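All residue numbers for the sequence shown refer to my numbering, where the first residue is 192 and numbers rise by one.
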Amino acid sequence: MRMRPRILPAALLLAALVAACSPSGPTPEEQAAAAAAAVEAQANKALELYRTLVKEQSWELAAPIGQEIVDKYPGSAAATEVATTLADARTKGEAIAARRRLQQLWIYQSGEESGGQQNVASIYSSDAVASARVRLVLRRHTDWGQSVYLFGSGKGFECRGNCSLDARVDGKPAKIKAYLPATGEPALFIRDDKAFLATLEGARRIELDVRENGKSPRTLVFEVGGFDGARWPVPEKPAKSAKP
Numbered sequence: 192m193r194m195r196p197r198i199l200p201a202a203l204l205l206a207a208l209v210a211a212c213s214p215s216g217p218t219p220e221e222q223a224a225a226a227a228a229a230v231e232a233q234a235n236k237a238l239e240l241y242r243t244l245v246k247e248q249s250w251e252l253a254a255p256i257g258q259e260i261v262d263k264y265p266g267s268a269a270a271t272e273v274a275t276t277l278a279d280a281r282t283k284g285e286a287i288a289a290r291r292r293l294q295q296l297w298i299y300q301s302g303e304e305s306g307g308q309q310n311v312a313s314i315y316s317s318d319a320v321a322s323a324r325v326r327l328v329l330r331r332h333t334d335w336g337q338s339v340y341l342f343g344s345g346k347g348f349e350c351r352g353n354c355s356l357d358a359r360v361d362g363k364p365a366k367i368k369a370y371l372p373a374t375g376e377p378a379l380f381i382r383d384d385k386a387f388l389a390t391l392e393g394a395r396r397i398e399l400d401v402r403e404n405g406k407s408p409r410t411l412v413f414e415v416g417g418f419d420g421a422r423w424p425v426p427e428k429p430a431k432s433a434k435p
């Protein structure tokens, strides 16, 4: 017996054709919307981090995060919000970095020296060549008292009696009396150490015109703005041991 072919209803054929012609994935519009949503989510995540850093006043970290938001997500709500505070965050971050750089120029040391206790704060001159640098030394010793002097690595300085150094403190001209030590070290002592320290406390930059033996006159520049007096206390005299 011959079988007759089945004839599908017209509605089923139409449904099959529609299904075959329909796209299997999202439309370009849907893809664009999904991508935009992902970018917005990333921007908002970065914005939350920026807000947290600003709240914590972590300006050095906040500034680069904020700049990245503005550069990476221009025109976004996150970038618009960041733009209102970014300049302030950048200025504060740069100020903190500059202050830390000045603070790190100073070296603080404490210990025993020649039977006494001493505290020393020192900073090198801002010469490009390390061998040409001269140290400005602030010293407090239990036996020798307080001293301020320049210490080089060469043949010492030229100075007769009480010589006068031309100086500039934050650009303002000044005169500083100095003298050579009797011991012959390559040092030049500041005569009025108390006045010099008072000047240093409020200064950012001190320039001293000096003459070194066997060399041409030159200007020593010290970026002293990071000095911390609290880290340079008067040393305590060591307790005397009791006699047996």
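Every residue, glycine too, gets a C-beta built ideally from N, C-alpha and C.
In this text the structure is predicted, and so the values were computed from the model without any measurement.
Would you call the region 323-333 and the region 349-368 touching, i.e. three or more CB-CB distances under 8 Å?
Output reads no: the region 349-368 does not touch the region 323-333.
Pop quiz: isoleucine 381 and isoleucine 367 are said to be a contact at Cβ under 8 Å. What is the actual Cβ separation, rounded to whole angstroms?
With 8 Å as the limit, isoleucine 381 and isoleucine 367 qualify as a contact, their Cβ atoms being about 6 Å apart.
Between the beta-carbon of alanine 254 and the beta-carbon of arginine 281, is there less than 7 Å?
In this structure, arginine 281 lies closer than 7 Å to alanine 254 by Cβ.
Should alanine 446 go down as buried or exposed, given a rule of 16 or more other Cβ atoms within 10 Å for buried?
Since the displayed the chain opens at 192 and closes at 435, residue 446 lies outside it and no answer follows.
Taking the continuous alpha helix (DSSP H) assigned at glycine 257, which residues delimit it?
Per DSSP, glycine 257 belongs to the alpha helix (DSSP H) from 250-263.
Can you find at least 3 beta carbon pairs, one from the region 379-393 and one from the region 293-304, that sit closer than 8 Å?
Segments in contact, no.
How should proline 426 be labelled, buried or exposed, when 16 other C-beta atoms within 10 angstroms of its C-beta is the threshold for buried?
Buried, by the Cβ-count rule.
Which one or two residues does DSSP pair with tyrosine 299 in a beta bridge?
The partner list for tyrosine 299 (beta bridge, DSSP) reads Ala312.
Would arginine 326 pass as a contact of phenylalanine 342 if the rule is Cβ separation under 7 Å?
Yes, the pair counts as a contact, with Cβ atoms nearer than the cut-off.
Going by alpha carbons, who is nearest to lysine 346 out of Val339, Pro364, Ser322?
Answer by Cα proximity: Ser322.
Could you please give me the residues that DSSP links to alanine 358 through a beta bridge?
Answer is Ala365, Leu399, bridged to alanine 358.
Do the region 262-274 and the region 232-239 make contact, defined as three or more Cβ pairs closer than 8 Å?
They touch, by the three-pair rule.
Return the residue from the list Tyr299, Gly417, Thr410, Ala232 that minimises the CA-CA distance to alanine 319.
Residue Thr410 is the option with its Cα nearest to alanine 319.
Taking the beta strand (DSSP E) that leucine 391 falls in, what are its first and last residues?
Note, leucine 391: premise wrong, no beta strand (DSSP E); alpha helix (DSSP H) at 384-392.
Is the beta carbon of cysteine 350 less than 7 Å from the beta carbon of leucine 329?
No, they are not a contact pair.
Can you tell me which of the three DSSP states asparagine 328 falls into?
Here the sequence assigns valine to residue 328, which means asparagine is not the residue at that position. Strand.
Please state the DSSP three-state secondary structure of valine 415.
Correct three-state label for valine 415: coil.
Could you please give me the residues that DSSP links to glutamate 304 through a beta bridge?
Gly307.
If glutamate 414 sits next to serine 317, beta carbons under 8 Å apart, how far is it from one beta carbon to the other, in whole angstroms?
Yes, glutamate 414 and serine 317 are in contact; Cβ-Cβ is about 6 Å, under 8 Å.
Which residue or residues does DSSP assign as beta-bridge partners of leucine 341?
Note: leucine 341 sits in a beta bridge opposite Leu327, Leu379.
Measure the C-alpha to C-alpha separation of alanine 228 and alanine 270 and round it to an integer number of angstroms.
Cα-Cα distance, rounded: 15 Å.
May I have the straight-line CA-CA distance separating proline 219 from serine 267, to the nearest angstrom?
Whole-angstrom Cα-Cα distance: 22 Å.
Which term fits glycine 420, buried or exposed, when burial requires 16 or more other beta carbons within 10 angstroms of its beta carbon?
With fewer than 16 Cβ atoms within 10 Å of its Cβ, glycine 420 is classed as exposed.
Name, in chain order, the residues that DSSP records as bridge partners for glycine 336.
DSSP output for glycine 336 lists His332 as bridge partner(s).
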